[in-house]
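*Asks:*
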Amino acid sequence: MSIWLDEHEHSYQKVESDIEVDHLIVGAGITGITLAYLLSKKGKSVTLIDANRLMNGTTGHTTAKITAQHALIYDEFKSNIGKSNARIHYEGAVDAAKHIQSTIQELAIDCDYEKKDSILYATSDRYVQKLEQEEKAYDALNIPYEHTQIDMLSSKKALKMANQAEMHPTKYLSALVHEITRAGGTIYENTVAVNINHGEQTVVETSDGNQITCSNVYICSHFPFYEAVIFIFPDLPLNDPT
Ligand SMILES: Cc1cc2nc3c(=O)[nH]c(=O)nc-3n(C[C@H](O)[C@H](O)[C@H](O)COP(=O)(O)OP(=O)(O)OC[C@H]3O[C@@H](n4cnc5c(N)ncnc54)[C@H](O)[C@@H]3O)c2cc1C
């Protein structure tokens, strides 16, 4: 059950034969749809496939907040991946939020977008301690925040990141899907990628036994379906995916 998916009425056919495409994106959640949109905006020929219906994975079931504040992450990141990588994560979240806002403005998307504060709060002494650790991490990483109080919830400590946002994710993504198809992009649903063969050409195999030959494949399936020997994550700025 998801309140976001009621609004989403797209329906696309599945891949039913061998096909040849240029840029193949596997997985049509926010990651795959955003990538397909950015590539098609650059004039690339894109094909997007999903094992199920579009947006029906994690994206269709989120709490829909757009924020750099997701639970108690920065203290953990600082300890586990180091200060500069933790800061990169924060900046990535801020850039992604700006990207969503500017896309909404550019395409005039009606998706209930609203600026909101994000607040992490503790109601027990144990979590006050954890929040104190998180606050130290914010300070170390130079992340802006304010102290606040939520009387209604009897919070003992609360950290606010101002100027975050919320939106209706499938209304937002439906507008991107519209742009992708308007630019000539092709979409298939109910098409499960099961393997990638890297021979002379890159071929993605589907669970129905069909082959999708492509010049580039992008795995946006949230959970990997393909056991690559190594994964290389190039520096991929949001405004320049090629
Ligand atoms: C309960 C919950 C609440 C959340 N709330 C927030 C929030 O408020 N704010 C926030 O920023 N993040 C939130 N998140 C995290 C966020 O939702 C996810 O990080 C984001 O939606 C992931 O998007 P995605 O496109 O990478 O993956 P998904 O949305 O899962 O999309 C992956 C797609 O790939 C398809 N797929 C998978 N395997 C294959 C295959 N083999 N072949 C073809 N297709 C395949 C799936 O069907 C799916 O549609 C939340 C997550 C959860 C679980």
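The opening residue of the sequence shown carries number -19 in the numbering used here; numbering runs sequentially from there. By construction, the Cβ of each residue, glycine as well, lies at the ideal position given by its N, Cα and C atoms.
According to DSSP, simplified to helix, strand and coil, what is Val108?
*Replies:* In the structure shown, Val108 sits in a helix (DSSP, three-state: H, G or I).
*Asks:* May I have the straight-line CA-CA distance separating Val(-5) from Gly7, to the nearest angstrom?
*Replies:* Each residue's alpha carbon lies about 14 angstroms from the other.
*Asks:* In the DSSP output, which residue or residues are listed as bridge partners for His3?
*Replies:* DSSP lists Val26 and Asn196 as partners of His3.
*Asks:* Pick from Phe203, Ala31, Phe57 and His79: whose alpha carbon is nearest that of Ser(-9)?
*Replies:* Among Phe203, Ala31, Phe57 and His79, the Cα nearest to that of Ser(-9) belongs to Ala31.
*Asks:* Cβ of Val6 within 7 angstroms of any heavy atom in ligand 1?
*Replies:* Checking the Cβ of Val6 against ligand 1 gives yes.
*Asks:* Excluding the 5 residues flanking Asn36 on each side, which residues of the same chain have their C-beta closer than 7 angstroms to its C-beta?
*Replies:* Closer than 7 angstroms at the Cβ level, and outside the excluded window around Asn36, lie Leu(-15).
*Asks:* For Ser154, verify whether its CB is less than 7 angstroms away from any heavy atom of ligand 1.
*Replies:* It does not: the Cβ of Ser154 is nowhere closer than 7 angstroms to a heavy atom of ligand 1.
*Asks:* With DSSP run on the structure shown, which of helix, strand or coil describes Tyr101?
*Replies:* In the structure shown, Tyr101 sits in a strand (DSSP, three-state: E or B).
*Asks:* Within its chain, find whatever has a CB closer than 6 angstroms to the CB of Asp55; leave out the 5 residues flanking it on each side and keep chain order.
*Replies:* Result list for Asp55: Gln113, Glu114 and Ala117, in chain order.
*Asks:* Is any beta-carbon of chain B found at less than 8 angstroms from that of Arg162?
*Replies:* Here there is only one protein chain, and chain B is not present.
*Asks:* How is the beta strand (DSSP E) around Ala173 delimited, first residue to last?
*Replies:* Taken as a continuous stretch (DSSP letters only), the beta strand (DSSP E) holding Ala173 covers Ala173 to His178.
*Asks:* Closest to Glu180 by C-alpha separation, out of Ile53, Asn196, Ala77 and Asn122, would be which residue?
*Replies:* Among Ile53, Asn196, Ala77 and Asn122, the Cα nearest to that of Glu180 is on Asn196.
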